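Numbering (my numbering), first residue to last: 103 to 436. Worksheet: the structure to be examined is printed underneath.
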């Protein structure tokens, strides 16, 4: 059943290459949603500035991300694709919401604390107010649903907080956005080294990118952390082995997973065989997306048109929101 009146909003930072976590945590759902909802999907170039990347690389990254969006099945005739910086209404709303966000609550954000540990010499105001900019991205379209990964759940909760504060102070403008994953548990794609989730910025050998060639995928999977095997029947799997089985669930057939699960419980599992199977299934899954994205990226003019048209559509909706915001705040004087 189509719910085209209900708005879905999500985006991804154009820093580095998209990986399996981006695909299964976000892109896969985007493709389903575009047929059923009014979808706005953006490339978060402003967010990337909080960590001071080389901005000369941003253009290429934006075009690359757009190529992978399209290669994964997004259709610009069914959804709105745009670049965050092409929507000035977002930064205006960001300014107003910053007046309703407090230093203490922003400092407690898990992602902020993690980034401070990683880059203690680059704790800028943008990094601190990252959740406010994310809230602006969502609220500017009055989105009902946001397909987020586990690490963004706290930010979505803060979006609801800022939206409700605004409504309480100035009058009802914003709905309460909900996390959305088609009823499934929010997905966290594990890294190959058994340490946390796949990430663009952490250990690159523990992350499988959608742009990795077949041999590199095989090499990475074969380096995944394992051990000598279980010491007794029906043993509990260590976390890093659970991670490998979780990765198998993404790309392997159910009977393959059942076979290796039974082998583990019977203490006959051969991790070399398991990793070879996982590697081939990863190659089979990723290579068509990679090759399609390469072909799309070659037509730069078509990509730029898609993003320009998307920005125009996004601006129409965003300006409606800002008109409501300015009226509610009493900032429309004449």
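Ideal Cβ placement from N, Cα and C applies to all residues, glycine included. Keep in mind the model is a prediction, meaning the values are calculated, not measured.
Exercise. Residue 291 to residue 199, Cα distance in whole Å?
Worked result: 32 angstroms
Problem set entry | Beta carbon of residue 116 nearer than 8 angstroms to that of residue 150 | Yes.
Problem set entry | Ranges of the alpha helix (DSSP H) found wholly within the region 220-244, counting only runs of at least 4 | As far as the region 220-244 is concerned, its whole alpha helix (DSSP H) runs of at least 4 residues are 227-230, 232-241.
Exercise. Does DSSP put residue 395 in a helix, a strand or coil?
Worked result: In the displayed model, residue 395 falls within a helix according to three-state DSSP.
Exercise. Should residue 113 go down as buried or exposed, given a rule of 16 or more other Cβ atoms within 10 Å for buried?
Worked result: buried
Exercise. So is residue 436 buried or exposed if we call it buried at 16+ other beta carbons inside 10 Å?
Worked result: exposed
Exercise. Between the region 174-192 and the region 211-227, do at least 3 Cβ pairs fall closer than 8 angstroms?
Worked result: Verdict: no, contact absent.
Exercise. Is residue 191 near the ligand ZN, in the sense that its beta carbon is under 7 angstroms from a heavy atom of that ligand?
Worked result: As presented, the structure is devoid of all ligands, the ligand ZN included, so that no description of it is given.
Problem set entry | Own chain residues within Cβ distance below 6 angstroms of residue 260, not counting five before or after | 233
Exercise. How long is the line joining the alpha carbons of residue 154 and residue 230, rounded to whole angstroms?
Worked result: 14 angstroms
Exercise. Nearest to residue 246 by CA position, among 191, 409, 432, 110, is which residue?
Worked result: 110
Exercise. Rounded to whole angstroms, how far is the Cβ of residue 249 from the Cβ of residue 431, which I believe are closer than 8 angstroms?
Worked result: Not a contact, Cβ separation roughly 30 angstroms.
Exercise. Leaving out five residues before and five after residue 239 in sequence, what residues of the same chain have Cβ atoms less than 8 angstroms from its Cβ?
Worked result: 111, 113, 144, 146, 186, 192
Problem set entry | Inter-residue CB distance, residue 307 and residue 322 (contact presumed, cutoff 8 angstroms) | 6 angstroms
For this session: Check whether the region 322-334 touches the region 366-380, counting contact only when three or more Cβ pairs, one atom from each stretch, lie closer than 8 angstroms.
Result: yes
Exercise. Taking one C-beta from the region 343-358 and one from the region 404-418 each time, how about it: are there three or more such pairs within less than 8 angstroms?
Worked result: no
For this session: Find out if the Cβ-Cβ distance for the pair residue 388, residue 172 is shorter than 8 angstroms.
Result: No; because the gap between Cβ atoms is not below 8 angstroms, this pair is not in contact.
For this session: For the alpha helix (DSSP H) holding residue 143, just list the boundary residues, first then last.
Result: No alpha helix (DSSP H) contains residue 143, which is instead part of the beta strand (DSSP E) from 139-145.
Exercise. From which residue to which residue does the alpha helix (DSSP H) around residue 342 run?
Worked result: 341-353
Exercise. Taking the alpha helix (DSSP H) that residue 250 falls in, what are its first and last residues?
Worked result: No alpha helix (DSSP H) contains residue 250, which DSSP labels as neither H nor E.
Exercise. How big is the Cα-Cα spacing for residue 334 and residue 368?
Worked result: 8 angstroms
For this session: Compute the distance between the beta-carbons of residue 420 and residue 310, then report whether it is under 8 angstroms.
Result: no
Exercise. How is the beta strand (DSSP E) around residue 182 delimited, first residue to last?
Worked result: Run containing residue 182: 182-185, per the beta strand (DSSP E) assignment.
Exercise. Cα-Cα, which of 382, 278, 226, 338 is closest to residue 358?
Worked result: 382
For this session: Less than 8 angstroms between the CB atoms is what I'm expecting for residue 426 and residue 275, so what's the real figure, rounded?
Result: 5 angstroms
Exercise. Which same chain residues, not among the five before or five after residue 363, have their C-beta less than 8 angstroms away from its C-beta?
Worked result: Scanning its chain for C-beta atoms nearer than 8 angstroms, with the 5 sequence neighbours on each side dropped, one finds around residue 363 the residues 347, in chain order.
Exercise. How is residue 432 classed by DSSP in three states: helix, strand or coil?
Worked result: The three-state reading of DSSP puts residue 432 in coil, since its state is none of H, G, I, E or B.
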